[in-house]
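One structure is given below, encoded as structure tokens.
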Amino acid sequence: MNQALAAPVRIGLAGLGTVGSGLVAVLQQNADWITGRLGRAVTVKTVLVRDLTKPRAVTLGPGVSLTADAEALVSDPDIDIVVELMGGIDAAFALIHKALSAGKHVVTANKALLAKRGPELFALAAAKGLGLYYEASCAGAVPIVETLKSSLAGNRIKSIIGILNGTANYILSSMSEKGLPFADALKKAQELGYAEADPTLDIQGYDAAHKLIVLIRLAYGRNLPLEKLPVEGITAVTPEDIRFAREFGYAIKLIGQVRDLDGRLAAGVWPMLVHEDFLLASVKGAFNAVRVEGNASGPIMLHGKGAGDLPTASAVLADILALARQGMIPNNTGFLTEPLPEAELVDPDDFISPHYIHFTVKDQAGVMAAISKSMGEHGVSISQAVQKGVPEDGYVSIVFLTHEAQNRAITGVLTDTDAMAFIKPGTVHFRVL
Ligand SMILES: NC(=O)c1ccc[n+]([C@@H]2O[C@H](COP(=O)([O-])OP(=O)(O)OC[C@H]3O[C@@H](n4cnc5c(N)ncnc54)[C@H](OP(=O)(O)O)[C@@H]3O)[C@@H](O)[C@H]2O)c1
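Every position in the sequence shown, counted from 1, becomes a number in the working numbering once 1168 is added.
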């Protein structure tokens, strides 16, 4: 065996929280297996944390040093790969930038950073001929990054449709299964550790948006600035709408999607009605799933644990092993051009899909006719309509599913109906997948 190849791969690990501890645990548990596969051991040399006194979920081996000094990772000539599992933007950016500048490969799980400042880091990695790998940044254990980068590399990707946030999916699933209101479902998710104390990124759709931006880069070789992506979270979803959707044969899911429309991309993150015949509708709890359609491969569905210590560590390890195996020859975004050009987006108002609209209206004659008239004027045709419930304070729910219509037409209808005195403000509208 070649002596140089037999030397261990030495890791500088930044972060010993959920994922960092998971990585140490899997490295300990699977040490022999990993060495056997790779022909080299993978060892952690130094671990960077903020608080040196904090109790840790794992016991570090005898040769491993714990430090609060980031320089100890980036300036150590004995560290081959810096693994960034700190999260956040500024400190993580600085660490990765320094590590790449110092000639070290980097593995990260940080989707927020890659969505916001990825282009700068990928350009630096390309200039230095180094690896910047990030399988764990999208959908945890689900190998979607490698699938897009390598397995489907010869395809034009027609669409990616994903349940990319386990917290949001857990909340929507428990609202659906137990009839819980949003706030109670969120509280339960927090108690069970599925949601952070500050769940903003998850419930407002931004965590899914970060991942979608990473996936768009991989699938199309295009950068998409976060502020250009339409993003809507799940806070407006109610058990009542979940029930109505179910009566029509749909589940409500937080969906991140992109479709290639002749070179321009139609992309966004929204709560959407997904027909129960689609596999995505049956993705329950904290699981993630991604459906990718290549022009040669046809549709492919990946499903698995989108977060958690060991599942996420599994993806981090895949990157470490891939870098070590490829003799450290990088394949970062899957495209040769760096920096990548910016994506050309379709105006979200031009998107075409069926729609779900839930009006709360005074229980009186002529209401249905007025709504139908507005829909007719905007070219929106109705596929199903129901009037539900006994009047409450004199109001009832009228719910429509439309045939395919431009979002612009629906906005027109909602502008008309918002001005009608017999309709309560705050009409609920979701797109249908
Ligand atoms: N949790 C998941 O299931 C999951 C799934 C996929 C991707 N990710 C991504 O993985 C990354 C890590 O997530 P996590 O859940 O493991 O986070 P976490 O539990 O909060 O752990 C963060 C770790 O980084 C250390 N750290 C943070 N800022 C630092 C700084 N400025 N200098 C030195 N050390 C610092 C912390 O040190 P102290 O312990 O001393 O405070 C802690 O050990 C994030 O980018 C996240 O988005 C997480």
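From the three backbone atoms N, C-alpha and C, an ideal C-beta is built for every residue, glycine too.
- Here Glu1252 really is in contact with Thr1276; their C-beta atoms are around 4 Å apart, less than 8 Å.
- Leu1380 places its beta carbon less than 9 Å from that of Leu1332.
- Here the stretch 1238-1249 makes contact with the stretch 1178-1187; the two share three or more CB pairs at distances below 8 Å.
- The nearest non-hydrogen atom of ligand 1 is less than 8 Å from the C-beta of Leu1281.
- The nearest non-hydrogen atom of ligand 1 is less than 8 Å from the C-beta of Ala1236.
- Nearest neighbour of Glu1510 by Cα position, chosen from Leu1268, Leu1184, Ala1259 and Leu1386, turns out to be Leu1386.
- Excluding sequence positions up to five before and after Val1567, its CB lies within less than 6 Å of the CB of Phe1412, His1526 and Val1554, all in the same chain and listed in chain order.
- The stretch 1279-1296 makes no contact with the stretch 1469-1482: fewer than 3 CB pairs, one atom from each, lie closer than 8 Å.
- A distance below 9 Å separates the beta carbons of Arg1599 and Trp1438.
- For the pair Leu1268 and Leu1241, the CB atoms are not nearer than the 9 Å cut-off.
- Taken in chain order, the unbroken stretches of alpha helix (DSSP H) that lie wholly in the stretch 1233-1309 and span 4 residues or more are 1239-1242, 1258-1269 and 1279-1296.
- Val1460 is the residue among Ala1481, Val1460, Lys1356 and Gln1574 whose C-alpha sits nearest the C-alpha of Ser1327.
- Separation of Leu1397 and Gly1436 (C-alpha to C-alpha, rounded to the nearest whole angstrom) is 6 Å.
- At a cut-off of 8 Å, the beta-carbon of Lys1222 counts as near ligand 1: some heavy atom of the ligand is closer than that.
- Taken atom to atom, the span from the alpha-carbon of Lys1355 to that of Thr1595 is near 26 Å.
- Taking a cut-off of 8 Å for Cβ pairs, the stretch 1484-1493 and the stretch 1270-1284 touch, as three or more such pairs fall below it.
- For His1378, the three-state secondary structure derived from DSSP is helix.
- Remark: C-beta atoms of Ser1189 and Ala1225 approach each other more closely than 9 Å.
- Take Ile1410, set aside five residues on each side of it, and the residues of its chain with a beta-carbon closer than 7 Å to its own are Met1343, Ser1344 and Ile1420, in chain order.
- In terms of CA proximity to Val1564, Met1536 leads the group Met1536, Asn1323 and Ile1578.
- Judged by beta-carbon spacing, Arg1218 lies beyond the 9 Å limit of Ala1492, meaning their Cβ atoms are not closer than that value.
- Every beta strand (DSSP E) stretch that sits fully inside the stretch 1439-1496 and reaches 3 residues is listed by chain position as 1455-1462 and 1466-1473.
- In this structure, ligand 1 has no non-hydrogen atom nearer than 8 Å to the beta-carbon of Asn1323.
- As summarised for the stretch 1340-1392, the continuous alpha helix (DSSP H) elements at least 4 residues long and confined to that stretch are 1350-1359, 1368-1371 and 1374-1388, given in chain order.
- Nearest neighbour of Leu1383 by Cα position, chosen from Gly1453, Ala1434 and Ile1312, turns out to be Ile1312.
- Judged by DSSP in its simplified three-state form, Asp1517 adopts helix.
- In this chain, the alpha helix (DSSP H) harbouring Asp1409 covers Pro1407 to Glu1415.
- 9 Å or more divides the Cβ of Asn1456 from the Cβ of Gly1322.
- Cβ-Cβ separation between Phe1590 and Lys1541: approximately 13 Å, too far for a contact (criterion under 8 Å).
- Non-local beta-carbon contacts of Tyr1388 in its own chain, meaning distances under 6 Å to residues more than five positions away in sequence, are absent.
- In the DSSP assignment, Gly1330 forms a beta bridge with Gly1424 and Val1458.
- DSSP links Ala1434 through a beta bridge to Arg1427.
- About 11 Å separates the CB atoms of Ile1520 and Val1548; that is not less than 8 Å, and the two are not in contact.
- In this structure, DSSP gives Gln1196 a helical state, which the three-state scheme calls helix.
- The C-alpha of Met1440 lies about 21 Å from the C-alpha of Thr1583.
- By the Cβ-count criterion, Glu1545 is exposed, with fewer than 16 other Cβ atoms from all chains shown falling within 10 Å of its own Cβ.
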